[in-house]
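> Residue numbers (the working numbering): 13 to 235.
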């Protein structure tokens, strides 16, 4: 059963601010203050999730279709990864990525040959203990000195720096975005049931109209 997110968001009667509006006039709008979230006992337990690699220009809806057989569960893909801004937290399409690189770095030579920063090569001591891990941001020409207990002397490793181009730096960021978690299909019913509960208003409030509609307080002032 399709579950488009915005169809589940309840309404509320907002006080009209139109110039000719009178006291008691309302406009029905979506209550975007209502936001679904996975319950803590699920969100914090990796047993409910499986790792997933975003391929190519896949969007949240195409991933949802592949995993759940329904693109309208795109909201659950985002929710499982706490993604609030698709524009910045979801991988760019190839066309968007190319435009981003050009806008940021100006020209292709600067993209592919320009050095963004330098990273370290791994250094281990005589016992095989890692003293300096691979990928640590360091300065160009960085050297590292440590005590070799077997030779009973200090060892200096010269120029441990590896240049990282602008392209390599940006691509690593994009690739990291492609590694996400997916709520396993067998727990889909729990998430949708929770959504139904969260998105429905409860009786008892003076603003309650129905489970999908309530009135905002009318605080419109008159002359």
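Even for Gly, the Cβ is constructed at its ideal location relative to N, Cα and C.
My guess is that residue 8 and residue 155 are in contact by the Cβ rule of under 8 Å, so how many angstroms apart are they, rounded?
Coverage of the chain is limited to positions 13 through 235, which leaves residue 8 absent and any answer about it impossible.
> Should residue 41 go down as buried or exposed, given a rule of 16 or more other Cβ atoms within 10 Å for buried?
Residue 41 should be labelled exposed.
> My output table needs one value for residue 202: the three-state DSSP class, helix, strand or coil.
In the structure shown, residue 202 sits in a helix (DSSP, three-state: H, G or I).
> Does the Cβ of residue 131 lie closer than 7 Å to at least one heavy atom of the ligand ATP?
Summarising the ligand content, the structure contains no ligands, and the ligand ATP is consequently not present.
> Would you identify the three-state DSSP class for residue 80, choosing helix, strand or coil?
Helix at residue 80.
> When burial is assigned at 16 or more other CB atoms within 10 Å of the CB, is residue 15 buried or exposed?
Label assigned to residue 15: buried.
> Which value, in whole angstroms, describes the spacing of the CA atoms of residue 94 and residue 146?
Their Cα atoms are separated by approximately 29 Å.
> Helix, strand or coil: which one does DSSP assign to residue 235?
The predicted position of residue 235 is uncertain, since its pLDDT is 44 and thus under 50; no value can be drawn from it.
> For residue 222, report the span of its beta strand (DSSP E) as first-last.
Run containing residue 222: 220-222, per the beta strand (DSSP E) assignment.
> Expressed to the nearest angstrom, what Euclidean distance is found between the alpha-carbon atoms of residue 59 and residue 29?
Spanning the two alpha carbons is a distance of roughly 49 Å.
> Compute the Euclidean distance between the alpha carbons of residue 115 and residue 187, then round it to the nearest angstrom.
Answer to the nearest angstrom: the Cα atoms are 20 Å apart.
> Cα separation between residue 158 and residue 205?
Looking at the two C-alpha atoms, the distance is approximately 59 Å.
> Counting Cβ pairs, one atom from each stretch, are 3 or more of them under 8 Å apart for the region 86-103 and the region 208-227?
Flag = no, the region 86-103 and the region 208-227 do not touch.
> So if DSSP puts residue 193 in a beta bridge, which residue, or which two residues, is it bridged to?
Paired residue(s): 63.
> Sort 83, 125, 64, 137 by Cα distance to residue 166 and report the nearest one.
Considering only alpha carbons, the answer is 137.
> Need the endpoints of the beta strand (DSSP E) that residue 156 sits in, please.
It spans 156-160 - the beta strand (DSSP E) in which residue 156 sits, taken as one unbroken run.
> Report yes or no: do the region 192-205 and the region 55-71 share at least 3 C-beta pairs separated by less than 8 Å?
Cβ pair count under 8 Å is three or more, so yes.
> Would you decide whether residue 18 is buried or exposed? Buried here means 16 or more other CB atoms lie within 10 Å of its CB.
Exposed, since its Cβ has fewer than 16 Cβ neighbours within 10 Å.
> Residue 66: buried (16+ other C-beta within 10 angstroms of its C-beta) or exposed?
Flag for residue 66 reads buried.
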